[in-house]
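Numbering (the working numbering), first residue to last: 1 to 348.
Every residue, glycine too, gets a C-beta built ideally from N, C-alpha and C.
Working notes, structure below.
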Amino acid sequence: MYRTYFNYLAIIALVISCQNNNSEGDSNALINSTSPYLLEHAHNPVNWYPWSDEAIEKAKKENKLLVISIGYAACHWCHVMEKQSFSDTTVARFMNDNFVSIKVDREERPDVDDIYMTACLLSGNGHCGWPLNVFALPDGRPVWAGTYFPKKQWLEVLDYFQQLYANSPEKLLEYADRLQQGIEVAESLPDFNPEAPFSTAAVKNLVDKFLIQADMYHGGTRTGAPKFPLPSLWQALQVYNYFEKDEQVQKATRISLGKMALGGLYDQLGGGFSRYSTDEFWLVPHFEKMLYDNAQMIQLYSHAYQIETNPLYEKVVKESIKFLERELHDTKGGFYASLNADSEGEEG
Numbered sequence: 001m002y003r004t005y006f007n008y009l010a011i012i013a014l015v016i017s018c019q020n021n022n023s024e025g026d027s028n029a030l031i032n033s034t035s036p037y038l039l040e041h042a043h044n045p046v047n048w049y050p051w052s053d054e055a056i057e058k059a060k061k062e063n064k065l066l067v068i069s070i071g072y073a074a075c076h077w078c079h080v081m082e083k084q085s086f087s088d089t090t091v092a093r094f095m096n097d098n099f100v101s102i103k104v105d106r107e108e109r110p111d112v113d114d115i116y117m118t119a120c121l122l123s124g125n126g127h128c129g130w131p132l133n134v135f136a137l138p139d140g141r142p143v144w145a146g147t148y149f150p151k152k153q154w155l156e157v158l159d160y161f162q163q164l165y166a167n168s169p170e171k172l173l174e175y176a177d178r179l180q181q182g183i184e185v186a187e188s189l190p191d192f193n194p195e196a197p198f199s200t201a202a203v204k205n206l207v208d209k210f211l212i213q214a215d216m217y218h219g220g221t222r223t224g225a226p227k228f229p230l231p232s233l234w235q236a237l238q239v240y241n242y243f244e245k246d247e248q249v250q251k252a253t254r255i256s257l258g259k260m261a262l263g264g265l266y267d268q269l270g271g272g273f274s275r276y277s278t279d280e281f282w283l284v285p286h287f288e289k290m291l292y293d294n295a296q297m298i299q300l301y302s303h304a305y306q307i308e309t310n311p312l313y314e315k316v317v318k319e320s321i322k323f324l325e326r327e328l329h330d331t332k333g334g335f336y337a338s339l340n341a342d343s344e345g346e347e348g
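Next up, the structure:
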């Protein structure tokens, strides 16, 4: 009899243990995603939804603002915010009670990212990047966008918009209308007149405006930190210089390519370029490496080598190709989109 009693106790204890384990492993609607970035958030206490009609309809039905958080797997500050805020039960409870929350992988949905990044730029806060955290009306129209927030500040921002929507929804409707108009203008194609004559003077005017902003000592542009390599810009200037033989353009390009290749932006050991420099001297990189950046940088330095046969350019091209083949090439034939900035929980 006692053996049977203890057997029942053991079974009850096992059931309770399983229930506790299940509660710790509770997942949200991201659990069926294929994106590594979304799966990272699948066990957050935040009741995340992927970008879907279901999430929009839920927000409309419950008359709640949307929180749309956009990032990607290699984004350092995306990981930081996930650990500090989205894994916190206090933050999650406030978000679940007052908002419908959507997680977006910008590498899966660049179209969604483009719209809300435009909204961020139009918001005029001066700081746009990833993670991109957007507050939107239930129909998805943005009212405001920002980037990374520490936990305390994120709770304050959440509370501000929850209170504003509860007490003055007309203000948010006005913000949404303004941003929608701005996005429509920004996304629309300019009028094109095929009969209009091409003017090299107009192109030179654009180049001269750029040269005013060029950093002729450290390379790049005089915009301060962070500093991005901007390969498409330098490729355009290469083409311009090929036809116009502009000494200032040639000098600015040579300085920039040299400083980027010899600084910390370029991995002097493993090859390949980091996404950007955290300082204006190209010394301290932000460590994630993107496929699209490196593909463009390889093309940029290849063209530069064809023009000047500088052995530094040749070295950068060969080492960067080896980096892509070694670190980002998939055995099935494709390439991975990025290499994470974090290693063993630390940046770099």
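- A distance of 8 Å or more separates the beta carbons of G219 and L122.
- In chain order, Y276 place their CB closer than 6 Å to the CB of F228, counting only its own chain and leaving out the 5 sequence neighbours on each side.
- Here the alpha carbon of N193 sits roughly 42 Å from the alpha carbon of L324.
- Under DSSP, I102 forms a beta bridge with Y49, I68.
- In the structure shown, the three-state DSSP call for Y37 is helix.
- Under DSSP, the beta-bridge partners assigned to M290 are S338.
- The straight-line gap separating the alpha-carbon atoms of P150 and L233 is approximately 34 Å.
- Of T118, G334, I321, L339, the smallest CA-CA separation from E187 is found for T118.
- The C-beta distance from Y148 to E107 rounds to 18 Å, too long to meet the 8 Å contact threshold.
- Of the other Cβ atoms in all chains shown, 16 or more fall within 10 Å of the Cβ of N294; this residue is therefore buried.
- Put simply, of A261, D53, Q213 the residue whose alpha carbon is nearest the alpha carbon of T223 is Q213.
- A contact between stretches requires three or more CB pairs, one per stretch, nearer than 8 Å, and the segment 194–208 meets this requirement with the segment 238–251.
- When secondary structure is reduced to three states using DSSP, W130 falls in the coil class, being assigned neither helix nor strand.
- L230 and S199 have their C-alpha atoms roughly 25 Å apart.
- By the neighbour-count definition (other C-beta atoms within 10 Å, threshold 16), Y292 is an exposed residue.
- The beta carbon of S52 is closer than 6 Å to none in its chain, skipping five residues each way along the sequence.
- Proximity of the segment 136–143 to the segment 164–184 meets the contact definition, three or more beta-carbon pairs being nearer than 8 Å.
- Around the beta carbon of K83, fewer than 16 other beta carbons sit within 10 angstroms, so the residue counts as exposed.
- DSSP, read as helix, strand or coil, puts H218 in coil.
- Of T253, W130, G124, F99, the smallest CA-CA separation from D113 is found for W130.
- Contact annotation, N96 with N63: C-beta distance approximately 15 Å; criterion of less than 8 Å not satisfied.
- Between T253 and Q238, the gap from beta carbon to beta carbon is short of 8 Å.
- Here S87 is not near N133, since their CB atoms are 8 Å or more apart.
- For the pair W282 and G271, the CB atoms are not nearer than the 8 Å cut-off.
- Within 10 angstroms of the beta-carbon of P197 lie fewer than 16 other beta-carbons, which makes it exposed.
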